[in-house]
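Student: Encoded as structure tokens, here's the structure I'll be asking about.
2 protein chains.
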Amino acid sequence: MREAPPPTAAWQPGDPVGHRQFFRMAVDRPLALDGGGRLRDVTLAYETWGELNAAGTNAVLVCHAWTGDSHVYGSIGNGHPSSGWWEGVVGPGLSIDIDRHFVVCVNVLGGCQGSTGPASPHPDDGRPYGSRFPVITVRDMVRTEASFANHLGIERWLSVIGGSMGGMQALEWGITYPHRVASLVLVATCAQASAQQIALGAVGRRAIRLDPNWRGGDYYDAEPGGGPHEGLIVARQLAQIMFRTDDVFTSRFGREFADRQEGFGLWQRFEVERYLDHHGDKLVRRFDANSYLLISKAMDLHDVKRGRGDLKAALSRLTMPVRTIGIWSDVLYPSYQQREITETLVSLGLRSDYVEIDSAQGHDAFLIDTDQVNAAIGPFLDQVAKQ
Amino acid sequence: MREAPPPTAAWQPGDPVGHRQFFRMAVDRPLALDGGGRLRDVTLAYETWGELNAAGTNAVLVCHAWTGDSHVYGSIGNGHPSSGWWEGVVGPGLSIDIDRHFVVCVNVLGGCQGSTGPASPHPDDGRPYGSRFPVITVRDMVRTEASFANHLGIERWLSVIGGSMGGMQALEWGITYPHRVASLVLVATCAQASAQQIALGAVGRRAIRLDPNWRGGDYYDAEPGGGPHEGLIVARQLAQIMFRTDDVFTSRFGREFADRQEGFGLWQRFEVERYLDHHGDKLVRRFDANSYLLISKAMDLHDVKRGRGDLKAALSRLTMPVRTIGIWSDVLYPSYQQREITETLVSLGLRSDYVEIDSAQGHDAFLIDTDQVNAAIGPFLDQVAKQ
């Protein structure tokens, strides 16, 4: 039997740093957040691969999704709770080529793998922020990433690339800092969270809140096993269903039972339930429940139109080529959301095209069908690099 | 402010009976259940409208879905926590015509509106069953409905009709008692729960189990407000998302905020969240959490193939005309599930056709777009009656 997980799986100062590096910001004056809150003494954990060329033209920023982190490439262990989350796309000779590109990935503000988030020590008292951590938005994430880019000496990214919430960040990068972005690749993402996406996020958040071990967000001093694991598992399981499709579940699990017994029991599991349990149990061992809540809310609040007029007005700020990539079987970020971005850009006379991944895997296809993702990203980056 | 709801909204002996009647069964010997459990002294609550004709050929059994009850027609109040759940389809002059048909609806075994369920007194000690209530299946529901039909003197139904779980019951009626059913109308239902349907059910059940007020199922002596309402709300909200569609939520709610405030808060709601809260709050005032769990599990266990070979072998028992009705926008019971039934029947040389409701409302269209449902049911019933 595995040991009971600690109340949070967040990376903590003193843990092995692994491949991480750290950037400290907002030390002298606080960072004013979109939601009205403030944060000071903010750390961003990041990783880089490859070398920045002399002209500074080969830097690619890869932005991670909900439960991702900076470890887009590399092995598990030494402080990294999971192996590179986009290993089939980022690596030597792949479309995001660490032999040719200077690849950078930042753990988002509010995350739990080295960047400042709810599990981090509050500068006032050194105790975890917990319920004191303010709401953040995707724009806040991008604002901190821009400060970090300054620190790194990156004037302009060859491309900012991301899937799902990573694509939200990439799109905000292009809109907020068009002069600093030579191209965008937006995978299985949207210009604004839809009502259904908000609804699904809200139910997951409410499941975490329902867990008595969540304690209003201040659970960090609990004993092992005493964190809001059940709530996080329920929230993750709901998300996991939406990350895949009816077809996938039918062909993989059908109606097979996982737990054999005489007769039927209320908690007897089908195989698909064992699969969901596996995914839930895995997440509580690598992610913090408060970060999950916070990032979920940031996605719901994602709307490039906010404060900028309508979608056309917001997207008219883009000056770089934009490739959008969709998956026909994606029920969580349906392909109309990516096509909407490209169609709006084209209607504005801007350069954009839409490429569809032909996969029945659903939203997760961008992590699974990496051959098609490479085919969609590689030639596009080469073309941008030549311009 | 409304009063805190009692720990269960189940109908209890002593409450106003309203339009209900009761049938008592399994008094002398227990009912052996599919799942291995036993129940004795079982009550079924039912309602009827219209008159059985002299030839006994105009009886229509309407089977209810997950959180339905026997009140398919009629007003709210006098012991009925909601108005008739299919009022646009069942009524004078409608396709299920209480002026011409003898319409019967039974609250399912395990339900909470008068039939024996987890909130009912256990015959041994008079205390609620709670966690002692055994797992039931759709076949168990149908078996008790058949005993009830004997009691009522119905030898043969003109039609057994149901949507969603009601359709599961109707299909099992046809397979188990083909000589007693002259036709079936199966709306937005399936021959077996899919892995995705099981997954969604499982997450909802786990949300209820997560609620500390569920207390392993023995919460009936809690104070008002002390029942597992939060868990039931989360489960219901998840289901409610699947009952509708992305399009519906976008057009009804978009990204409007329900709670205005300065800045953004973690629990600040969008309009779609207020809608989900409304549906959740409504359910806890009319439904019992244990019944919700039990019926959810019964749906997951629904599989007409169990013990009967493959789908062809199971459906080959049907001898009556079968109309299946689907909704193209239904993401929970996709129309391939209804077409599969009709296609299998046709391949067996049996009489079946499929009619599609042209509605963007999703699964709930069978409760909303009643004009189309009437058009799909009325002529079919008239034709069956003439045979």
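Line by line, the protein sequences give chains P and D.
Each residue of the first sequence is one higher than the last, beginning at 1 in this note's numbering.
Each residue of the second sequence is one higher than the last, beginning at 1001 in this note's numbering.
The beta carbon of each residue, even a glycine, is placed where N, CA and C say it ideally should be.
In this text, all values refer to a predicted model and were calculated from it rather than measured experimentally.
#1: Do you know whose CA, among Y1333/D, D1028/D, Y1129/D, lies nearest A1239/D's CA?
#2: With 7 Å set as the bound, which would you pick, yes or no: does the beta-carbon of Q196/P sit closer than that to a beta-carbon of chain D?
#3: For R215/P, decide whether its Cβ has a neighbour in chain D, counting only Cβ atoms nearer than 7 Å.
#4: Report the option in D371/P, Y46/P, G126/P whose CA atom is closest to the CA atom of S147/P.
#5: From which residue to which residue does the beta strand (DSSP E) around F22/P run?
#6: With L1061/D as the anchor, note down where its beta strand (DSSP E) starts and where it stops.
#7: How about E1273/D and E1256/D: are their beta carbons less than 7 Å apart?
#8: Going along the chain, which residues of its own chain have a beta-carbon closer than 7 Å to the beta-carbon of D1069/D, five neighbours each way excluded?
#9: Provide the residue span of the beta strand (DSSP E) that contains E155/P, from first to last.
#10: Would you kindly work out how many angstroms separate the C-alpha atoms of L294/P and V62/P, rounded to a whole number?
#11: Taking any Cβ of chain D, which residues in the region 266–285 of chain P have a Cβ under 7 Å from it, in chain order?
#12: Let me know the alpha helix (DSSP H) ranges lying completely inside the region 1323–1371 of chain D, each 4 residues or longer, listed in chain order.
#13: Hey, quick one: how far does the alpha helix (DSSP H) through S108/P stretch, first residue to last?
#14: What separation, rounded to the nearest whole angstrom, lies between the Cα atoms of P1118/D and G1037/D?
#15: With DSSP collapsed to three states, give me the class of I1273/D.
#16: Can you tell which of G88/P, Y220/P, T48/P, E87/P has its C-alpha closest to the C-alpha of H122/P?
#17: Mind checking G1201/D: buried by the 16 CB within 10 Å criterion, or exposed?
#18: Along chain D, in chain order, which residues have C-beta atoms closer than 7 Å to that of K297/P?
#19: Checking contacts by CB at 7 Å: is V138/P closer than that to chain D?
#20: For K1297/D, count the other beta carbons within 10 Å of its own beta carbon; 16 or more makes it buried, fewer makes it exposed. Which is it?
#21: How close, in whole Å, do the beta carbons of P212/P and P5/P come, if the pair is a contact with beta carbons under 8 Å?
#22: Is the region 1300–1319 of chain D in contact with the region 1281–1289 of chain D, if contact means three or more CB pairs nearer than 8 Å?
#23: What do you get for P92/P, buried or exposed, if any count of 16 or more other CB atoms within 10 angstroms of its CB means buried?
#24: Is T245/P helix, strand or coil when you go by DSSP?
#25: Threshold first: 3 residues or longer. Then list the beta strand (DSSP E) segments lying entirely within the region 288–322 of chain P, N to C.
#26: Relative to the C-alpha of I1161/D, which candidate in A1059/D, E1230/D, H1179/D has its C-alpha closest?
#27: Within the same chain, show all residues whose beta-carbon is closer than 6 Å to that of E145/P, passing over the 5 residues directly before and after it, in chain order.
#28: In the structure shown, what three-state DSSP assignment does V135/P receive?
#29: Would you call the region 230–239 of chain P and the region 1003–1019 of chain D touching, i.e. three or more CB-CB distances under 8 Å?
#30: Between the Cα of H19/P and the Cα atoms of L52/P, S75/P, S95/P, which residue gives the shortest distance?
#31: Report yes if the CB atom of A1199/D is closer than 7 Å to the CB atom of L1311/D, and no otherwise.
#32: Can you find a CB in chain D that lies within less than 7 Å of the CB of Q237/P?
#33: For V1138/D versus M1168/D, is the C-beta distance shorter than 7 Å?
#34: Excluding the 5 residues preceding and the 5 following Y116/P in the sequence, name in chain order all residues of the same chain whose CB lies nearer than 6 Å to its CB.
#35: Taking the beta strand (DSSP E) that W49/P falls in, what are its first and last residues?
#36: If we count Cβ pairs, one from each stretch, closer than 8 Å, do we get three or more for the region 317–324 of chain P versus the region 169–178 of chain P?
Tutor: Once the coordinates are examined:
#1: Y1333/D
#2: yes
#3: Under the Cβ distance rule, R215/P does not count among the residues neighbouring chain D, no pair being separated by less than 7 Å.
#4: Looking from the CA of S147/P, the closest CA among D371/P, Y46/P, G126/P belongs to Y46/P.
#5: Counting along the chain, the beta strand (DSSP E) containing F22/P begins and ends at 21–25.
#6: 1059–1063
#7: No. Outside cutoff.
#8: N1107, G1111, Q1113
#9: Unbroken run through E155/P: none, as it is neither H nor E.
#10: 21 Å
#11: L266, F270, V272, E273, L276
#12: 1335–1347, 1365–1368
#13: The sequence as given places Val at residue 108/P; Ser does not occur at that position. Run containing V108/P: none; DSSP gives neither H nor E here.
#14: 13 Å
#15: According to the sequence shown, residue 1273/D is Glu rather than Ile. DSSP places E1273/D in helix when its eight states are reduced to three.
#16: Comparing Cα-Cα distances from H122/P to each of G88/P, Y220/P, T48/P, E87/P, the minimum goes to Y220/P.
#17: buried
#18: L1266
#19: no
#20: buried
#21: The C-beta distance from P212/P to P5/P rounds to 17 Å, too long to fall under 8 Å, and the pair is not in contact.
#22: no
#23: Label assigned to P92/P: exposed.
#24: coil
#25: Runs found: none.
#26: A1059/D
#27: Here the set comprises V106.
#28: coil
#29: No contact exists between the region 230–239 of chain P and the region 1003–1019 of chain D.
#30: S75/P
#31: When the beta-carbon positions are compared, A1199/D and L1311/D stay at least 7 Å from each other.
#32: yes
#33: yes
#34: With the sequence shown as reference, residue 116/P is identified as Thr, and Tyr is not the correct amino acid for it. The answer, listed in chain order, is V42, T43.
#35: 42–49
#36: yes
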